[in-house]
Amino acid sequence: MTRAFAKVCTGLALAVALTAGTAVAEPSHAVPWWKGAVVYEIYPRSFQDSNGDGVGDLNGITARLDYIKSLGVDAIWLTPIYPSPLIDFGYDISDYTAIDPQYGTLADFDRLVAEAKKRNIRIVMDLVLNHTSDKHPWFQESASSKTSPKRDWYVWRDGKGPGKPPNNWQSVFGHGGWQYDAKTSQWYWHKFYAEQPDLNWRNPKVAEAMYNVERFWIARGVAGFRLDAITTLFEDPALQDEGTVKDASGKPVINVFGEPQLDDTRTNNLPEVHDVLRQVRKVADEASGKEAVLIGETYVANIADLKKMYGAQDDELQMPMDLQVGFINKLDVARFRTLIADAETGLGAHEPLLVLDNHDNPRWDRYGDNVHNADIGRVLATVILGSRGAAMYYYGDEIGMVTTPPTRKEDVRDPVGVTGWPKEKGRDGERTPMQWTAESTAGFTAAGVKPWLPIPSSMTLTNVASEESQPNSLLAWYRQLGALRKTNAAMRDGDDVMLNTIDAHVLTWLRRAPSGEAVLFACNFTAEPQKVGFDPKALHGYATNVTALMNTPGQVAPSSLTDIVLKPFGVIVLQLH
Ligand code: GLC
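If you're matching positions, the sequence shown starts at 16 in our numbering and goes up one per residue.
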């Protein structure tokens, strides 16, 4: 997460492969299904095209459910599939209770939910509450006149004078965040693109309309929502200017769009957000019999702020994303250790959800050194899937798909890249089609069809078909971790204790199940071999006999806890007994 969008968002607050298709028995006890779940993010445009139009669709996802199951995935988060003019590729919604024909029909959606259910996979929808498309009938009506009954559904204000917006607030996507409407001589607020006008959450009718959207999808079988840009719902009603962020020498920080970076204090993380979250949770609980999960896109500055997103009475989000770990951007052992330990100790009994990458930020290869990338991919997978809590990863991570940004401005599809070019190339690079095979269209779409984004040349070596034939592939590693999370008590239920806490090269942690089982993980974060030793006293009373559960290809599996040498970026996973 190195680029503008991510920066802006931080600024916003600052082993055994499962057999494909085999149903895994659901735990019958009262633990909510999402505890410890693996959530797989799919960008539907780019996963699998089933009808040869170069755009991925719902039937394509349904056709790939056995593959998804083979990863040990419990839930799929679908980025928006609602009708949309696609200015922000679906995050500009023009109808909240329908499916965009590019992706299929409601019947296709029902079939996806039902087929997923057969495999014990749940579907989580993306819900964009902060804004709609400017083509949404609500906005069209709101913009039609100052006296429209829906005028107050959006944030309309007078300017400060001719051509002067109400204040200095900016859009996350660059430039001013107020759009002038000549017809009614007022400005409307848009935290994101001008085609994404912000809803006015101070209007109870807006809230009720959105709660009905929740009810609609829960009745249709969805297992919860990922709440988009949830911290941005409210703005300061007094419209005070935001302050400018200054660097250490006191100079204003200039963002990639060439403008002063604002401090976001009047348009993000206002306390009212929590009132809405409590309502959204109440509606979800009532409509689903407390089955639904709320995941939040929560760019916040630290663990204390993240904890607040769960709600003082555990009555807001069950799983706000912990996106901090994604901003480390280098294999810095101390930083990873601190942030994972924070998630373990700073959230009370709440479920952590560590997130390393997604459709808005560069993929995992930002950690790569182009020499040891496959092993670095294993290190990152182990951190995400070996830590306590739910785990989320992004389609294609499991085969090592790399960020492939456009090389020419005319190829850019993402509005962020259109505004920010050439400094900011946008988010197309992490949204390229899934690489299924080494064929010219990577098995994503039919031969001869032009996919909506180009297929990266890396697909010749990095693709599902070739990795399925290699027992040591990154895909095999992800599947083994996914399977262990289901079968190994310590990995499933264990707490998470950092070991060797001053080691600057190797991240080591212990997972301890209430039943007494323990699993030890050690990941070499460097390109040099590293010796690891364990003080038995620091092992919390666990025996030091070991069985190797997993180790990086080429890594000698240790038979004891003494004299372990980890190869460059080597990983070992050991059962203690
Ligand atoms: C979220 C989405 C991002 C989108 C933005 C505006 O950050 O993840 O893709 O552009 O919200 O909806």
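Don't be surprised by glycine CBs; every beta carbon is placed ideally from N, CA and C.
Can you name, in chain order, every residue of its own chain whose Cβ lies under 8 Å from the Cβ of residue i, other than the five neighbours on each side?
{"i": "Val586", "result": "Asp390, Arg393, Val394, Thr397, Phe536, Ala537, Cys538, Asn539, Met565, Asn566, Thr567, Gln570"}
{"i": "Ala572", "result": "Ala563, Asn566, Ile587"}
{"i": "Glu274", "result": "Gln185, Gly189, His190"}
{"i": "Gly556", "result": "none"}
{"i": "Thr516", "result": "Arg352"}
Between the alpha carbons of residue i and residue j, how many angstroms are there, rounded?
{"i": "Lys582", "j": "Gly304", "result": "49 Å"}
{"i": "Val128", "j": "Gly497", "result": "21 Å"}
{"i": "Leu248", "j": "Thr353", "result": "30 Å"}
{"i": "Trp232", "j": "Leu476", "result": "39 Å"}
{"i": "Glu250", "j": "Glu287", "result": "9 Å"}
{"i": "Val521", "j": "Phe351", "result": "11 Å"}
{"i": "Val561", "j": "Arg526", "result": "14 Å"}
{"i": "Thr418", "j": "Asp380", "result": "7 Å"}
{"i": "Ser575", "j": "Thr559", "result": "7 Å"}
{"i": "Lys322", "j": "Lys50", "result": "16 Å"}
{"i": "Lys552", "j": "Leu514", "result": "11 Å"}
{"i": "Thr120", "j": "Tyr58", "result": "17 Å"}
{"i": "Gly192", "j": "Glu439", "result": "19 Å"}
{"i": "Leu589", "j": "Leu86", "result": "21 Å"}
{"i": "Val308", "j": "Tyr408", "result": "17 Å"}
{"i": "Asn344", "j": "Ala364", "result": "28 Å"}
{"i": "Tyr111", "j": "Tyr97", "result": "6 Å"}
{"i": "Asn283", "j": "Glu229", "result": "23 Å"}
{"i": "Asn5", "j": "Val53", "result": "Here the chain covers residues 16 to 592 and nothing more, so residue 5 does not appear."}
{"i": "Asn182", "j": "Ser200", "result": "16 Å"}
{"i": "Arg241", "j": "Trp48", "result": "16 Å"}
{"i": "Gly113", "j": "Met336", "result": "Here residue 113 is Ala; the residue named in the question, Gly, does not match the sequence. The straight-line gap from Cα to Cα measures roughly 27 Å."}
{"i": "Val317", "j": "Val271", "result": "In the sequence on display, residue 317 carries Asn and not Val. Going by the C-alpha atoms only, they are around 24 Å apart."}
{"i": "Ala491", "j": "Ile83", "result": "13 Å"}
{"i": "Ala197", "j": "Pro252", "result": "23 Å"}
{"i": "Gly178", "j": "Ile102", "result": "25 Å"}
{"i": "Tyr493", "j": "Ala90", "result": "16 Å"}
{"i": "Gln545", "j": "Val580", "result": "6 Å"}
{"i": "Gly69", "j": "Asp426", "result": "15 Å"}
{"i": "Val534", "j": "Leu591", "result": "6 Å"}
{"i": "Ile269", "j": "Gly239", "result": "38 Å"}
{"i": "Val464", "j": "Pro421", "result": "19 Å"}
{"i": "Met449", "j": "Val340", "result": "25 Å"}
{"i": "Ser473", "j": "Gly411", "result": "12 Å"}
{"i": "Met334", "j": "Asp384", "result": "32 Å"}
{"i": "Thr501", "j": "Val88", "result": "Looking at the sequence provided, one finds Lys at residue 501 rather than Thr. So the two alpha carbons sit approximately 10 Å from each other."}
What does a CB cutoff of less than 7 Å around residue i pick up in its chain, not counting 5 residues either side in sequence?
{"i": "Arg126", "result": "Thr77"}
{"i": "Tyr169", "result": "Phe154, Ser157, Tyr203, Pro212, Asp213, Leu214, Asn215"}
{"i": "Asp167", "result": "Asn215, Asn218"}
Under 6 Å Cβ to Cβ from residue i, same chain only, skipping five residues before and after it: list those, please.
{"i": "Val237", "result": "Ile138, Met140"}
{"i": "Val386", "result": "none"}
{"i": "Asp278", "result": "Glu257, Gly258, Val260"}
{"i": "Gly71", "result": "Pro59, Arg60, Ser61, Phe62, Gln63, Asp64"}
{"i": "Ala528", "result": "Ala504, Ala505, Asp508, Gly509"}
{"i": "Arg428", "result": "Asp443"}
{"i": "Tyr118", "result": "Pro59, Asp72, Leu73, Ile96"}
{"i": "Ile355", "result": "Ser402"}
{"i": "Leu142", "result": "Phe240, Leu242"}
{"i": "Phe584", "result": "His387, Asp390, Ile391, Val394, Asn539"}
Give a single yes or no on whether residue i has its beta carbon closer than 8 Å to a heavy atom of the ligand HEM.
{"i": "Asp256", "result": "What this structure holds is the ligand GLC, not the ligand HEM."}
Of all the CB atoms in chain D, is at least one closer than 9 Å to the CB of residue i?
{"i": "Gly392", "result": "The structure shown has no chain D; it contains just one protein chain."}
**Beta carbon nearer than 5 Å to a non-hydrogen atom of the ligand GLC** = Asp103, Tyr106, Phe207, Asp243, Ala244, Asp375
**Within the segment 300 to 375, ranges of the beta strand (DSSP E) (whole runs, at least 3 residues)** = 308 to 311, 368 to 370
**Message:** As an exercise, report each continuous beta strand (DSSP E) stretch of at least 3 residues that is fully enclosed by the segment 107 to 162, in chain order.
**Reply:** 137 to 143
**Prompt:** Of all the beta strand (DSSP E) runs that stay within the bounds of the segment 396 to 455, which reach a length of 3 or more residues?
**Reply:** 405 to 409
**Asked** If you scan the segment 444 to 515 from start to end, which runs of the beta strand (DSSP E) of 3 or more residues do you find wholly inside it?
**Response** 510 to 514
**Request:** Check whether the segment 141 to 161 touches the segment 262 to 277, counting contact only when three or more Cβ pairs, one atom from each stretch, lie closer than 8 Å.
**Result:** Too few Cβ pairs lie closer than 8 Å, so no.
**Item:** Sufficient close CB pairs (3 or more, under 8 Å) joining the segment 355 to 374 to the segment 426 to 440
**Value:** no
**Prompt:** Taking three-plus beta-carbon pairs below 8 Å as touching, is the segment 444 to 459 in contact with the segment 479 to 497?
**Reply:** yes
**Prompt:** With a cut-off of 8 Å, do at least 3 Cβ pairs link the segment 395 to 414 to the segment 508 to 520?
**Reply:** Output reads yes: the segment 508 to 520 touches the segment 395 to 414.
**Item:** Given 8 Å, three or more beta-carbon pairs between the segment 368 to 379 and the segment 464 to 472
**Value:** No: fewer than three Cβ pairs fall under 8 Å.
**Item:** Residue ranges of each beta strand (DSSP E) within the segment 206 to 253, 3 or longer
**Value:** Secondary structure in the segment 206 to 253: the beta strand (DSSP E) runs of 3 residues or longer, each lying completely within the stretch, are 239 to 243 in chain order.
**Item:** Inside the segment 59 to 112 only - beta strand (DSSP E) runs reaching at least 3 residues
**Value:** Given a length threshold of 3 residues, each whole run of the beta strand (DSSP E) inside the segment 59 to 112 is given here in chain order: 90 to 93.
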